[in-house]
Amino acid sequence: MAKISRLPDTVANKISAGEVVQRPASVIKELLENAIDAGASRITVMVKDAGKELIRVIDNGSGMNREDALLSVERFATSKISGVEDLDTLMSLGFRGEALASISSVSHFEMKTRQSASALALRFRYEGGALLEESEVSGEEGTSVSVRNLFYNVPARRKFLKSNATEFRHIFEAVKALALAYGDIEWRMYSDDEELFHFRSPDIRERLDYFYGSGFSEGLLAITEENDYLSIHGFIGKPGMMKRHKSDQLFFVNRRIIQNRMLSQALQQAYGELLAERQAPFAMLFLGIEPSRVDVNVHPAKLEVKFEDERSVRNMFYPVIKRAVQLHDFSPDLSAAPLQESPGGEVRQVDEALYRRLMYHDRPGKMSTTGELYEGFRENSLAAASPQRSGSSRQEEIFPLREAEERWRKESGVPAGDEVLTTILQSRFQDDQSDTEPGGAEPKIWQLHNKYIICQIKNGMMIIDQHVAHERVLYERALDVMNQNVPNSQQLLFPQKVELRQWEYEVFEDIRDDLYRLGFNLRDFGSRTVMIEGIPQDVRSGTEVTILQDMISGYQENASKLRLEKRDNLAKSYSCRNAIMAGQKLSLEEMRSLIDNLFATRVPYSCPHGRPVIIKLMLDQLDRMFGRT
């Protein structure tokens with residue numbers, strides 16, 4: 116007697132339901148995809164008891180005749196494909212032909228459907244996958260599917276459902292994704308007979324503001340890019356909007372909501388150091404690609420897709436996001452803690468902000484570009500000053516004193532290591548440089564406690580951390596020098612000798628070639644002793660030995676804690692150790708030069724380690740802090 120037998124359809128459907136119908140949200144997703152594929156322009160979703168008691172989806176799509184309606188609840192019956200070759204041109208959301216069969220097998224299932232040419236609607240009622248009743252009733256054109264008592268006949272599955280709050284959150288996320296993807300459809304949703312939303316307008320920003328909060332869409336950056344292989348459009352958010360989960364990253368391929376690790380990682384990498392640990396950027400991005408170049412048949416619930424050439428998709432996707440991030444103002448704003456009036460009439464801050472007067476905006480205003488922020492600085496901080504010197508470069512040295520110092524040394528024959536004469540030179544140079552411009556006009560730039568640079572911008576002020584700003588400049592410059600292999604070394608008149616410990620020398624041997632590319636001219640001078648004969652142009656005179664030792668220490672520390680590419684690690688260590696420090700007084704010209712160089716970088720808003728460089732405080736925020744509005 117044979118040990119293997121064919122499973123009855125009722126058993127097979129229940130097993131299939133375990134893959135397709137994991138929770139009420141799975142049912143919602145399948146029914147909504149069917150409604151969209153039916154050409155609906157209006158869809159209503161109703162749930163009770165977080166979908167455990169009732170799920171109902173009503174659409175005004177094309178409807179079905181009796182034969183199609185009965186077949187739709189059979190396993191592997193579909194109108195979307197007829198042969199395997201159709202999978203290469205698939206644009207519909209549903210195609211497997213198993214969703215309704217699986218759903219009806221684990222619920223009390225009812226379907227009403229009417230085509231435009233029919234006077235009455237057809238009604239079919241199933242229980243546990245078995246057809247119990249068929250009748251004709253009055254009904255609107257389209258299809259209505261009701262799913263009651265989900266998993267009533269699979270108690271183990273029903274027992275493992277989460278709380279109503281959790282299950283409803285999954286339902287809401289499923290509806291939200293499709294409501295955002297299909298702005299041309301009118302959407303309405305009810306929960307326990309309460310209307311949650313009714314979107315009549317196709318305005319996608321209205322829907323974003325509903326789902327994420329009033330004004331949310333104003334802080335989004337629109338993305339649009341298209342070529343013969345791939346099209347990308349949608350929105351990404353500012354770092355201040357990133358205190359959220361990766362569930363707020365919505366990727367659509369040919370308008371199908373998907374999960375894709377490669378796209379998520381590429382998005383994360385495009386933001387780079389702008390993100391703090393465990394932050395995830397908001398994104399709603401639509402990718403259009405030839406159906407034959409993507410396989411949507413790799414997941415039972417159709418949540419994952421496989422690209423024919425994933426590397427090509429990433430190589431097109433990543434630069435588009437990276438370029439958008441680099442070109443726009445991603446500096447955080449400060450906002451006052453919200454105020455409320457007590458019963459006695461006293462205005463005070465809300466409880467959760469009593470201890471914290473300032474906070475980052477998580478609903479920033481309209482997005483502006485980096486160029487607009489820099490132009491605002493030039494126009495408002497330097498408006499009263501004389502025009503920028505002709506021929507000056509934004510890539511000039513941070514410290515103009517260095518050039519004057521080198522010229523003076525050559526003319527006078529003073530050795531580079533003479534710190535006393537260096538101090539005298541700097542004093543003379545600063546005496547010659549007035550901190551006010553000709554005619555008594557004073558630029559609106561100040562140094563606060565020798566740590567922060569404050570300058571006026573349009574409608575507010577910009578605060579810059581001088582150390583991390585210089586760190587960003589040096590970091591990008593170091594990477595460019597190493598990658599482009601451009602000369603960056605200046606020879607020392609008197610070479611400096613440094614003796615390294617055993618572990619330091621081992622690290623030195625590992626990074627010797629990149630140190631040379633960076634501008635360090637080094638040669639061995641006995642056991643574990645190194646002679647410094649040349650240094651990068653940004654290294655301050657007299658710090659050669661300590662900079663090299665600190666770089667080696669920083670490189671080793673980063674290597675033990677972080678997984679960094681070798682040159683990235685070296686550039687981070689170099690910039691951190693060589694940047695101007697908090698407490699160092701800067702002249703007006705040095706501050707202006709630092710700001711110019713900062714805005715010439717690719718990412719001026721964060722240091723290589725992710726700390727913010729620029730913070731803005733706008734006039735309207737100050738007005739709220741002082742109770743003026």
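Under the working numbering, residues 116 to 744 are what the sequence shown spells out, in order. Glycine residues also receive a C-beta, built at the ideal position from the N, C-alpha and C atoms. Fair warning: this is a prediction, and the values are worked out from it, not measured in the lab.
Considering only residues of the same chain and omitting the five flanking positions on each side of residue i, which have a CB-CB separation below 6 Å?
{"i": "I578", "result": "Y567, I569 and I730"}
{"i": "R190", "result": "E213 and A216"}
{"i": "T159", "result": "I173 and R303"}
{"i": "E242", "result": "H223"}
{"i": "V435", "result": "E340 and I347"}
{"i": "Q606", "result": "G649"}
{"i": "E619", "result": "I667"}
{"i": "H724", "result": "none"}
In the DSSP assignment, what residue or residues form a beta bridge with residue i?
{"i": "A395", "result": "Its beta-bridge partners do not exist; DSSP assigns none."}
{"i": "Y305", "result": "M161 and E310"}
{"i": "G349", "result": "I338 and L400"}
{"i": "N636", "result": "G649"}
{"i": "W618", "result": "Answer is none; W618 lacks a bridge partner."}
{"i": "D580", "result": "Y567"}
{"i": "Q605", "result": "I650"}
{"i": "E494", "result": "DSSP output for E494 lists no bridge partner at all."}
{"i": "Y91", "result": "Any property of residue 91 remains undetermined from this structure, which presents the chain solely from 116 to 744."}
Rounded to a whole number of angstroms, what is the C-alpha to C-alpha distance between residue i and residue j?
{"i": "A234", "j": "S217", "result": "30 Å"}
{"i": "M399", "j": "D595", "result": "32 Å"}
{"i": "Q671", "j": "I572", "result": "40 Å"}
{"i": "L442", "j": "R717", "result": "8 Å"}
{"i": "N693", "j": "Q581", "result": "13 Å"}
{"i": "E288", "j": "S708", "result": "48 Å"}
{"i": "Q374", "j": "D735", "result": "40 Å"}
{"i": "E145", "j": "L418", "result": "11 Å"}
{"i": "F312", "j": "I319", "result": "14 Å"}
{"i": "P610", "j": "L497", "result": "42 Å"}
{"i": "M706", "j": "Y489", "result": "14 Å"}
{"i": "A258", "j": "S219", "result": "The amino acid occupying residue 258 in the given sequence is Thr; Ala does not appear at that position. Roughly 16 Å separates the two Cα atoms."}
{"i": "N603", "j": "S656", "result": "15 Å"}
{"i": "I710", "j": "T485", "result": "13 Å"}
{"i": "M740", "j": "L677", "result": "40 Å"}
{"i": "R157", "j": "N175", "result": "6 Å"}
{"i": "E333", "j": "R322", "result": "12 Å"}
{"i": "R229", "j": "V260", "result": "12 Å"}
{"i": "R682", "j": "L345", "result": "32 Å"}
{"i": "V368", "j": "F401", "result": "6 Å"}
{"i": "R272", "j": "V290", "result": "23 Å"}
{"i": "F492", "j": "K353", "result": "21 Å"}
{"i": "E168", "j": "D738", "result": "51 Å"}
{"i": "P139", "j": "V262", "result": "9 Å"}
{"i": "Q562", "j": "K687", "result": "25 Å"}
{"i": "L365", "j": "S278", "result": "25 Å"}
{"i": "E591", "j": "E301", "result": "48 Å"}
Closest to residue i by C-alpha separation, out of the options, would be which residue?
{"i": "G439", "options": "G349, V409 and Q374", "result": "For the record, residue 439 in the displayed sequence is Ala; it is not Gly. Closest option to A439, Cα to Cα, is G349."}
{"i": "H285", "options": "V162, A155 and R678", "result": "V162"}
{"i": "D625", "options": "S446, E680 and V188", "result": "E680"}
{"i": "F445", "options": "F432, E388, L497 and N684", "result": "E388"}
{"i": "I650", "options": "F640, N636, I436 and S642", "result": "N636"}
{"i": "N180", "options": "L146, E251 and G244", "result": "E251"}
{"i": "E614", "options": "Y297, E659, N574 and L311", "result": "E659"}
{"i": "F326", "options": "A292, E309, Y297 and I351", "result": "A292"}
{"i": "L276", "options": "V136, T485, L685 and P719", "result": "V136"}
{"i": "L208", "options": "L497, P558, A150 and Q606", "result": "A150"}
{"i": "N342", "options": "Q652, E405 and R272", "result": "E405"}
{"i": "D183", "options": "F239, F623 and L677", "result": "F239"}
{"i": "Q599", "options": "S261, Q606, Y631 and S332", "result": "Y631"}
{"i": "A236", "options": "G244, A245, E225 and L246", "result": "E225"}
Among residues of its own chain, excluding the 5 on either side of residue i, which ones have a beta-carbon nearer than 7 Å to its beta-carbon?
{"i": "Y689", "result": "L589, A593, L633 and M666"}
{"i": "E423", "result": "R408 and V409"}
With residue i and residue j assumed to form a contact (beta carbons below 8 Å), what rounded beta-carbon distance in angstroms separates them?
{"i": "G403", "j": "N565", "result": "That belief does not hold up - the Cβ atoms of G403 and N565 are roughly 53 Å apart, past 8 Å."}
{"i": "L265", "j": "V428", "result": "In fact, because the Cβ distance is near 37 Å, the residues do not count as touching under 8 Å."}
{"i": "A153", "j": "S187", "result": "Going by Cβ atoms, the distance from A153 to S187 rounds to 11 Å, so no, they are not a contact pair."}
{"i": "L382", "j": "P396", "result": "6 Å"}
{"i": "Q617", "j": "R643", "result": "7 Å"}
{"i": "V654", "j": "F623", "result": "Contact doesn't hold; Cβ gap of about 16 Å is too wide."}
If you measure from the beta carbon of residue i to each beta carbon in chain C, is any gap under 8 Å?
{"i": "E490", "result": "As a matter of chain content, chain C is missing from the structure shown, which is built from one protein chain."}
Suppose the cutoff is 8 Å on Cβ atoms and the five residues either side in sequence are ignored; what does the same chain contact list for residue i look like?
{"i": "V728", "result": "S446, I579, D580, V583, A584, R587, L713, P719, Y720, S721 and C722"}
{"i": "L685", "result": "A593, M597, I626, D629, L630, L633, M666 and Y670"}
{"i": "R726", "result": "D580 and V583"}
{"i": "D299", "result": "S156 and P317"}
Consider the C-beta atom of residue i and the heavy atoms of the ligand ZN; say whether any pair is separated by less than 7 Å.
{"i": "L237", "result": "What this structure holds is no ligand at all, so the ligand ZN is not there to describe."}
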